[in-house]
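Colleague: Under this note's numbering, the first residue of the sequence shown carries the number 1001, and numbering increases by one thereafter.
All C-beta atoms, glycine included, are put in the ideal place defined by N, C-alpha and C.
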Amino acid sequence: QNGSSATFEDNRSVTFHRFPKEETLRKIWIRNVRRENLVIKRNTAVCSRHFISTDVIQCRRRRLKEGAVPVLFAWNDYSLPAARPSVWERTQRPENEVTEEVSMDVEVLLQCHDYDAKPDPSALDMACEKIEAQQQVIEELQKRLEEVTLKQSFGLERFSSSDDDIRFYTRYIFVFHDIHINVVMTLLQT
1001 QNGSSATFED
1011 NRSVTFHRFP
1021 KEETLRKIWI
1031 RNVRRENLVI
1041 KRNTAVCSRH
1051 FISTDVIQCR
1061 RRRLKEGAVP
1071 VLFAWNDYSL
1081 PAARPSVWER
1091 TQRPENEVTE
1101 EVSMDVEVLL
1111 QCHDYDAKPD
1121 PSALDMACEK
1131 IEAQQQVIEE
1141 LQKRLEEVTL
1151 KQSFGLERFS
1161 SSDDDIRFYT
1171 RYIFVFHDIH
1181 INVVMTLLQT
């Protein structure tokens, strides 16, 4: 079969992700999909089954992490190749003559290594909601700050500490007033 058989109606656990706009990432997606004569349109998408689970962000609306690439396909048996051992692991070293046994309580070890545990999906949803709410608060505060800054920059208080500034900005009023009076007087005399 040529491509994924997932459809929008298939399953609520499957999501669809459009091809990225960024050209380099888009080329990687196209290469990985391995579809002959693939024409990418506005709604061309790849289903979430082709992404590693850690690349899919589980919020209200499932999204992909930035830079995520589809890598799970029929041609690679929907799995990733085993990681190549590092240089350190491949290098042969003489064994230490003295080996020391260290015993530790299993529960202590488990408590120390809970960073690998997957968080509860409801906790992730709550965290996403909090983040979105905080972003809205930040946007509102930024708007209010702009309004206050604009009001302050054009207020009389700005010039209250400087007589020279007040004279500078108000002298044109008096100049126009004087011109107006001179014109009226000239008209009255004629």
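1) With distances taken Cα to Cα, identify the nearest neighbour of Lys1027 among Leu1124, Lys1065 and Pro1070.
2) Just to confirm my understanding: we take Ala1068, look at its own chain, exclude 5 residues before and 5 after, and list those with CB closer than 7 Å. What are they?
3) Going by beta-carbon coordinates alone, are Ser1048 and Val1014 separated by less than 7 Å?
4) Within 8 Å, do at least three Cβ pairs link the stretch 1058-1065 to the stretch 1123-1136?
5) Which residue from Arg1042, Met1185, Lys1021 and Val1046 puts its Cα closest to that of Val1033?
6) Pick helix, strand or coil for Ile1057, following the three-state DSSP scheme.
7) Which residue comes first and which comes last in the beta strand (DSSP E) that contains Val1069?
8) Is the beta carbon of His1017 less than 7 Å from the beta carbon of Leu1080?
9) Taking the beta strand (DSSP E) that Val1046 belongs to, which residues open and close that run?
10) Looking only at its chain, what residues have a beta carbon closer than 8 Å to the beta carbon of Leu1072, apart from the 5 residues adjacent to it on each side?
11) Buried or exposed: Trp1075, going by 16 or more other Cβ atoms within 10 Å of its Cβ?
12) Starting from Arg1035, follow the alpha helix (DSSP H) in both directions and report where the run begins and ends.
13) In its own chain, which residues sit with a C-beta less than 8 Å from the C-beta of Pro1121, not counting the 5 before and 5 after it?
14) Helix, strand or coil: which one does DSSP assign to Arg1042?
15) So the alpha helix (DSSP H) Arg1062 belongs to, where does it begin and stop?
16) Given Ile1040, which residues of its chain have a CB within under 8 Å of its CB, disregarding the five upstream and five downstream residues?
17) With respect to the beta strand (DSSP E) encompassing Arg1018, which residues constitute its N-terminal and C-terminal limits?
Modeller: This is what the structure holds:
1) Pro1070
2) Phe1051 and Asp1055
3) yes
4) yes
5) Val1046
6) strand
7) Premise fails: Val1069 is in no beta strand (DSSP E) and is neither H nor E.
8) no
9) Ala1045 to Cys1047
10) Arg1049, His1050, Phe1051, Ile1052, Tyr1078, Ser1079 and Leu1080
11) exposed
12) Here Arg1035 belongs to no alpha helix (DSSP H), and DSSP marks it neither H nor E.
13) Gln1058
14) coil
15) Arg1062 -> no alpha helix (DSSP H), and no H or E assigned at all.
16) Phe1019, Arg1026 and Ile1030
17) Phe1016 to Arg1018
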